[in-house]
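Before any comments, here is the structure.
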Amino acid sequence: MLSVLVFSLALLLPLRAQAALHEGFVHVTGVCENVILEIRYFSSYNFVGKRIDGYVGPQAILTEPAAKALCKAAASAENKGYTLKIFDAYRPQAAVDHFVRWGMDAADTRMKSVFYPQVDKARVFDLGYVATRSGHSRGSTVDLTLVDRQSGREVDMGSTFDHFGEASHHGAKGLTAQQEANRAVLLGVMEQAGFKRYEEEWWHYTLKNEPYPDTYFNFVVE
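Numbers -19 to -1, 1 to 203, taken from mature numbering (1 follows the signal peptide of the UniProt record, and there is no 0), label the letters of the sequence shown in order.
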């Protein structure tokens, strides 16, 4: 009887994983293998300091057109000696709601020294670092960086992923020539693949012709 139950569960688990994806979405690693995942919101190493609601597994999910375009960017990066590392892709509305609750809790500043050392947490809404909606929830936005294939290390972009501050902006002042060059490589491969940049975050790119420009999804990431 136990063996039958185990076998039945084994059949159900793949079906559950497939059902978690909304029609038109795919796991990025199922479409292109030459990317690295470091899903920060599945971990506690993020500006909140804990795993974020809606992240059940360390997966990167995108709309199918965005994933295919990202594969083109990954191939271009590979030809230049780099691998794309993804920090976040599709983001459930539940995660955005978690960010909002964090933003309203003035006492919770455990990650301030790492991610927003020069920003008053009381201003994260006014400055646009936290909002009630995110383009990520539409499924065609990705946060990423470059990894040098020879050394296996992330390249220096002049600020960390999710750093709240002007150093993260495109065209930021005070960057070294190498940091500017590294950002230019990422910008080049992403724009050539059909993505557009977000001016305030060097890591943030959205597919120009996203299939769900007005829809914000809330299925979990797993």
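All residues carry an ideal CB built from backbone N, CA and C; glycine is no exception.
Backbone secondary structure at residue 195 - three-state DSSP: Taking the sequence shown and counting its residues from 1, the one referred to as residue 195 is at position 214. Of the three classes helix, strand and coil, the one that applies to residue 195 here is coil, per DSSP.
Could you tell me which residues DSSP pairs with residue 113 in its beta bridges? To locate residue 113, count along the sequence shown from 1; it is residue 132. According to DSSP, residue 113 bridges with nothing at all.
Simplified DSSP assignment, three categories, for residue 65: Numbered from 1 along the sequence shown, position 84 holds the residue referred to as residue 65. Three-state DSSP puts residue 65 in a strand.
Within a Cβ cutoff of 8 Å, which residues of the same chain sit near residue 33, ignoring the five residues on either side of it in sequence? Locating residue 33 in the sequence shown gives position 52, where the first residue counts as 1. Apart from sequence neighbours up to five positions away, the residues of its chain that approach residue 33 with a beta-carbon distance below 8 Å are 22, 23, 27, 76, 79, 80, ordered along the chain.
Can you grab the Cα-Cα spacing for the pair residue 17 / residue 103, in whole Å? As a position in the sequence shown, residue 17 is number 36, starting the count at 1. As a position in the sequence shown, residue 103 is number 122, starting the count at 1. Spanning the alpha carbons of residue 17 and residue 103 requires a straight line of approximately 34 Å.
Does at least one heavy atom of the ligand ZN sit under 7 Å from the Cβ of residue 165? Summarising the ligand content, the structure contains no ligands, and the ligand ZN is consequently not present.
Reference residue 82, options 192, 114, 140, closest by Cα: Taking the sequence shown and counting its residues from 1, the one referred to as residue 82 is at position 101. Of the candidates 192, 114, 140, the one whose C-alpha sits nearest the C-alpha of residue 82 is 114.
Does the count of Cβ pairs from the stretch 177 to 188 and the stretch 142 to 153 closer than 8 Å reach three? Cβ pair count under 8 Å is three or more, so yes.
Tell me whether residue 120 sits in a helix, a strand or coil according to DSSP, three-state version. Within the sequence shown, residue 120 is the residue found at index 139, counting from 1. Note: residue 120 maps to coil in three-state DSSP.
Three-way DSSP call (helix, strand, coil) for residue 93 in this model: Sequence index remark: in the sequence shown, residue 93 carries index 112 (1-based). Residue state, collapsed to three classes: helix.
Looking only at its chain, what residues have a beta carbon closer than 7 Å to the beta carbon of residue 89, apart from the 5 residues adjacent to it on each side? What you label residue 89 is simply residue 108 of the sequence shown in a count that begins at 1. Same-chain partners within the cutoff: 83.
Which residue marks the beginning of the alpha helix (DSSP H) containing residue 157, and which one marks its end? As a working mapping, residue 157 is identified with position 176 in the sequence shown. Premise fails: residue 157 is in no alpha helix (DSSP H) and is neither H nor E.
Using the three-state DSSP reduction, which class does residue 135 fall into: helix, strand or coil? For the purposes of this step, residue 135 is taken as residue 154 along the sequence shown, with counting starting at 1. Residue state, collapsed to three classes: strand.
Less than 6 Å between C-beta atoms, sequence neighbours within five positions excluded: which residues of the same chain meet that for residue 124? Working through the sequence shown from its first residue, we reach residue 124 at position 143. Same-chain partners within the cutoff: 68, 69, 184, 185.
Report yes if the C-beta distance between residue 132 and residue 197 is below 8 Å; otherwise report no. Numbered from 1 along the sequence shown, position 151 holds the residue referred to as residue 132. Numbered from 1 along the sequence shown, position 216 holds the residue referred to as residue 197. Cβ atoms of residue 132 and residue 197: not closer than 8 Å.
Does DSSP put residue 125 in a helix, in a strand, or in coil? What you label residue 125 is simply residue 144 of the sequence shown in a count that begins at 1. DSSP places residue 125 within a strand segment (E or B) once states are collapsed to three.
Could one say the Cβ of residue 91 lies closer than 8 Å to chain C's Cβ atoms, at least one of them? No chain C appears in the structure shown, which is made up of a single protein chain.
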